[in-house]
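Chemist: Here the sequence shown is numbered in this note's numbering, starting from 4 and rising by one per residue.
No residue lacks a Cβ here, since even glycine has one placed at the ideal position from N, Cα and C.
The structure displayed is predicted, hence computed values, not measured ones.
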Amino acid sequence: MDNYEHEIECPQNKAIMNYLWYDYFHDSNIHRIEFVHLKRVVSLTLECRAEISDKWKKLKYNTEALDLYLNEHIDEFTYTLTFKGVLYFHEERLIAANDYINGRFIDTAMLRKLKAESRKPLFHFRMQIDDGYIDIIFSDFQIRKKAGRVKYLVNEVFCQIETDSSWKFYNMQPCDDFERYLLMEKLYKAKDKSILNMARENLHLDDDSEDSCMFSAYILGKYGDASDINNLVNLYLNIESYMIAHSFCRCCAVLAKRNILDAIELIQLRNE
Numbered sequence: 004m005d006n007y008e009h010e011i012e013c014p015q016n017k018a019i020m021n022y023l024w025y026d027y028f029h030d031s032n033i034h035r036i037e038f039v040h041l042k043r044v045v046s047l048t049l050e051c052r053a054e055i056s057d058k059w060k061k062l063k064y065n066t067e068a069l070d071l072y073l074n075e076h077i078d079e080f081t082y083t084l085t086f087k088g089v090l091y092f093h094e095e096r097l098i099a100a101n102d103y104i105n106g107r108f109i110d111t112a113m114l115r116k117l118k119a120e121s122r123k124p125l126f127h128f129r130m131q132i133d134d135g136y137i138d139i140i141f142s143d144f145q146i147r148k149k150a151g152r153v154k155y156l157v158n159e160v161f162c163q164i165e166t167d168s169s170w171k172f173y174n175m176q177p178c179d180d181f182e183r184y185l186l187m188e189k190l191y192k193a194k195d196k197s198i199l200n201m202a203r204e205n206l207h208l209d210d211d212s213e214d215s216c217m218f219s220a221y222i223l224g225k226y227g228d229a230s231d232i233n234n235l236v237n238l239y240l241n242i243e244s245y246m247i248a249h250s251f252c253r254c255c256a257v258l259a260k261r262n263i264l265d266a267i268e269l270i271q272l273r274n275e
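(1) Give a yes or no on whether the C-beta atoms belonging to residue 127 and residue 146 are separated by under 8 Å.
(2) Can you tell me whether DSSP reads residue 43 as helix, strand or coil?
(3) Around the Cβ of residue 175, are there at least 16 other Cβ atoms within 10 angstroms (buried) or fewer (exposed)?
(4) Taking 6 Å as the limit between beta carbons, can you name the residues of its chain near residue 52, skipping five residues before and five after?
(5) According to DSSP, residue 31 sits in a beta bridge with which residue or residues?
(6) When DSSP labels each residue in this structure, what does residue 93 get in the three-state scheme?
(7) Whole angstroms is fine: what's the gap from residue 225's alpha carbon to residue 263's?
(8) Could you check if residue 135 is buried or exposed, using at least 16 other CB atoms within 10 Å of its CB as the buried criterion?
(9) Could you spell out where the alpha helix (DSSP H) holding residue 76 opens and where it closes?
(10) Taking 8 Å as the CB-CB limit, is residue 205 close to chain B?
(11) Could you give the distance in angstroms between the alpha-carbon of residue 189 and the alpha-carbon of residue 180?
(12) Our contact map puts residue 89 next to residue 43 with C-beta atoms below 8 Å; I'd like the distance itself, whole angstroms only.
(13) How long is the line joining the alpha carbons of residue 213 and residue 144, rounded to whole angstroms?
(14) Do residue 75 and residue 36 have their CB atoms nearer than 8 Å?
(15) Can you tell me where the alpha helix (DSSP H) holding residue 137 begins and where it ends?
(16) Give the secondary structure of residue 12 by DSSP, where H, G and I count as helix, E and B as strand, and everything else as coil.
(17) Please name the residue in 149, 156, 204 whose C-alpha comes closest to that of residue 49.
(18) Assuming residue 52 is part of the alpha helix (DSSP H), what are its boundary residues?
(19) Thinking C-alpha only, which one of 83, 154, 236, 219 is nearest residue 33?
(20) Are the beta-carbon atoms belonging to residue 71 and residue 58 less than 8 Å from one another?
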C-alpha cells in the first residue's frame, strides 16, 4: 500500500468522493465501530475534527467557549459512516489511541478473489488508526450526521507530495531514505522497468531505510515473483523488533506488517 495515494480510480459515489477520498475525517475521534454480520453492515461513528476546528476558529480560538459549545451541540459534529454489502471486515489494533488518521482504497489479493465471485462492484478500504488499522471490503457507502444535513461540497484536504525529475539520476547521486522513496515513486509512476531491481536492492532494514524499504515491499507485491517471497517473509518477521528498537511504538508495526502480507499475497495470487 502506498500511504500517499489510492490504488484505484475514485468510485462514483458522492459520499466517498466528498468524505473518504480526501481524508475529511483526519484526526477525528472514533466513538464506536459496529459490525452487523447478518446484514453485512459496518457502522463507524466519529466526531469530525475539521468541523470542530472550524468552530474553534469562529470562536476566536477561545477553548473554554468551544468546550461549552461542544457540551451542548456535539451532535452537530457527529457522523456515522455506513459500509454496506460488507464481505470482509478485520480490525487489528493495540487499543492505545482512537484517532482516524487516513483511509486508502487499495488493490489487494483478497479483493481480486472476491471480485471474481461477485456481481456487484467491490472496494477495499483500509483505515489507518492511531493504534493500528481497519480493513473493509464493501459494495456501497452512505454517510449521515446525528444532527443536521450532510453537505456534499467538501474542499479537497488530501495533500499530494510534489517531487522534481531528479529520479533520472538515482544511480548518480547519493540520497537519504525518504529521497530514495520519492525517486522510486517517480520510477513507479513512469512505469520504468528498472523499478523492480531497485526495489529488490532496497528491501532491507537499517538506520536509513524505513520508507524506501516499505515502498520496495509494495513494488514487489505489484511486480515481484516467487523468488521474492522469502525476503518479504524475513522482513515481516523482523520489522516489529526493528521498529521497537528504533523507538517506534508497536502500533506502527501493525500496519507495516499488514502491508508486507499484502505484497506476499499478491505474488502468491499471480502464481496460482
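Modeler: On the basis of the data shown:
(1) no
(2) coil
(3) Low local confidence applies: a pLDDT of 36 at residue 175 is under 50, so the model's placement there is unreliable, and no value is given.
(4) 30, 31
(5) 103
(6) strand
(7) 12 Å
(8) buried
(9) 66-76
(10) The structure shown contains no chain B; it holds only a single protein chain.
(11) 14 Å
(12) 5 Å
(13) 34 Å
(14) no
(15) Looking at the DSSP string, residue 137 is not in any alpha helix (DSSP H); the run it does join, the beta strand (DSSP E), is 135-141.
(16) coil
(17) 149
(18) 52-61
(19) 83
(20) no
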